[in-house]
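Read the structure below first, then the notes.
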Amino acid sequence: NGVECEPYLTADHRLMLEKAPEIIVGIRILMKALNVDKAVIGIECNKPDAIELLQHIAKPYPAIEVMPLQMHYPQGGEKQLIEATTGRQVPSGCLPIEVGAVVQNVGTIFAIYEAVQKNKPLFERIVTVTGKSLSNAGNFRVRMGTPIKELLDFAGGLPENAGKVISGGPMMGKALASLDAPVAKGTSGVLVMDEAESKRGQASDCIRCAKCVAACPMGLEPYLLGALSEHRDWEGAEKQHMMDCIECGCCTFTCPAHRPLLDYLRIGKAKVGALIRSRKQ
656 NGVECEPYLT
666 ADHRLMLEKA
676 PEIIVGIRIL
686 MKALNVDKAV
696 IGIECNKPDA
706 IELLQHIAKP
716 YPAIEVMPLQ
726 MHYPQGGEKQ
736 LIEATTGRQV
746 PSGCLPIEVG
756 AVVQNVGTIF
766 AIYEAVQKNK
776 PLFERIVTVT
786 GKSLSNAGNF
796 RVRMGTPIKE
806 LLDFAGGLPE
816 NAGKVISGGP
826 MMGKALASLD
836 APVAKGTSGV
846 LVMDEAESKR
856 GQASDCIRCA
866 KCVAACPMGL
876 EPYLLGALSE
886 HRDWEGAEKQ
896 HMMDCIECGC
906 CTFTCPAHRP
916 LLDYLRIGKA
926 KVGALIRSRK
936 Q
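Numbering-wise, our numbering comes out as the position in the sequence shown, counting from 1, plus 655.
Next up, the structure:
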């Protein structure tokens, strides 16, 4: 997975440009470990330099294909990437392995290379620190556990007009309540949004326009799932395939009523997941 379709984030892109030979070695290690004879590197066509470089380095290895993909959010999702590269659809409630596929991010592939070739544990990662008002935005190699505040200080400091600091990207990221929060292995970026960018419109009642349904890449009905979460109907949410939500944020982004659908769905997924686990005990 070299798609990196979220706006602002460029950590994977930078990694592919600077560590392409190591990524190819990491793929070959993983292919041997999984006993597979075909690997596909999916990269969106807005990264032509990474596509060209990886195609050149992978040329001696016919089992590794670099596949340029059309730009389409959220193509970086596991199920979306599998369908885009292989044509296979992962059924509801199933895992990629059930259709004969395994998806790994290029950062994970590089970590596999370092673990096997250099005996190096995973204790650092590339993080994009960005925002319109940051004076020294960029990609930084950061040790896990580093406070977000230190990253922002290195990127020029938190600007006075900052309205929100997000861990991740603008679509799937989560706003931080404290800048003392640490960098974790899943921290792909830190985004500083000014007050104008981060301002939410006043939420109003759902107008049943179905824009969220049209936008949902999983074919769900976010307006209905949001209502079920509001009314705490977790069994009903489970029947409507709440757990298939990939939390891409498309529903919230398209909602003309400014309803925080992603927030409702995240809460609903946590509750439905707990309900499913309680049945297994």
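C-beta: ideal position from N, C-alpha, C; glycine also.
Burial state of residue i (16 or more Cβ within 10 Å)
{"i": "histidine 668", "result": "buried"}
{"i": "tyrosine 716", "result": "exposed"}
{"i": "serine 822", "result": "buried"}
{"i": "arginine 914", "result": "buried"}
{"i": "glycine 824", "result": "buried"}
{"i": "glutamine 936", "result": "exposed"}
{"i": "alanine 832", "result": "exposed"}
{"i": "alanine 925", "result": "exposed"}
{"i": "serine 933", "result": "exposed"}
{"i": "glycine 874", "result": "exposed"}
{"i": "isoleucine 682", "result": "buried"}
Cβ shell of residue i (< 8 Å), same chain only, five flanking positions each side left out
{"i": "valine 927", "result": "Trp889, Ala892, Glu893, Met897, Met898"}
{"i": "serine 747", "result": "His896, Asp899"}
{"i": "glutamate 902", "result": "Met827, Leu917, Leu920, Arg921, Lys924"}
{"i": "glycine 731", "result": "Asn656, Val658, Glu659, Cys660, Glu661"}
{"i": "leucine 672", "result": "Asp704, Ala705, Leu708"}
Rounded C-alpha distance that separates residue i from residue j
{"i": "glycine 679", "j": "lysine 693", "result": "The sequence as given places isoleucine at residue 679; glycine does not occur at that position. In a straight line, the C-alpha of isoleucine 679 is about 13 Å away from that of lysine 693."}
{"i": "proline 911", "j": "cysteine 861", "result": "9 Å"}
{"i": "leucine 879", "j": "isoleucine 752", "result": "30 Å"}
{"i": "glycine 881", "j": "glycine 923", "result": "8 Å"}
{"i": "alanine 766", "j": "arginine 796", "result": "13 Å"}
{"i": "proline 776", "j": "glutamate 769", "result": "8 Å"}
{"i": "glutamate 720", "j": "glutamine 710", "result": "8 Å"}
{"i": "threonine 783", "j": "valine 847", "result": "11 Å"}
{"i": "methionine 722", "j": "lysine 687", "result": "21 Å"}
{"i": "glutamate 699", "j": "glutamine 759", "result": "16 Å"}
{"i": "valine 845", "j": "isoleucine 803", "result": "8 Å"}
{"i": "glutamine 735", "j": "arginine 863", "result": "26 Å"}
{"i": "serine 859", "j": "alanine 865", "result": "15 Å"}
{"i": "cysteine 749", "j": "glutamate 733", "result": "12 Å"}
{"i": "valine 745", "j": "leucine 689", "result": "19 Å"}
{"i": "alanine 602", "j": "lysine 829", "result": "Look at the range of the chain in this structure, 656 to 936, and you will see that residue 602 is not part of it."}
{"i": "leucine 670", "j": "serine 884", "result": "39 Å"}
{"i": "glycine 793", "j": "histidine 886", "result": "43 Å"}
Beta-carbon separation (whole angstroms), residue i vs residue j, contact threshold 8 Å
{"i": "valine 838", "j": "threonine 801", "result": "5 Å"}
{"i": "proline 703", "j": "proline 872", "result": "That belief does not hold up - the Cβ atoms of proline 703 and proline 872 are roughly 25 Å apart, past 8 Å."}
{"i": "alanine 756", "j": "isoleucine 737", "result": "5 Å"}
{"i": "glycine 762", "j": "asparagine 791", "result": "That belief does not hold up - the Cβ atoms of glycine 762 and asparagine 791 are roughly 22 Å apart, past 8 Å."}
{"i": "asparagine 816", "j": "serine 788", "result": "6 Å"}
{"i": "leucine 807", "j": "leucine 813", "result": "5 Å"}
Proximal residues to residue i (C-beta, below 7 Å), its chain only, five neighbours per side dropped
{"i": "serine 853", "result": "Gly818, Lys819"}
{"i": "cysteine 906", "result": "Cys867, Ala870, Cys871, Pro877, Leu916, Leu917"}
{"i": "glutamate 779", "result": "Arg796, Val797, Arg798, Met799"}
{"i": "leucine 685", "result": "Gln759, Ile764, Ile767"}
{"i": "asparagine 701", "result": "Met726"}
{"i": "leucine 664", "result": "Thr783, Gly824, Ser843, Gly844"}
Open item on the list: For the pair the segment 729 to 745 and the segment 695 to 704, tell me if three or more CB-CB distances fall below 8 Å.
Closed with: yes
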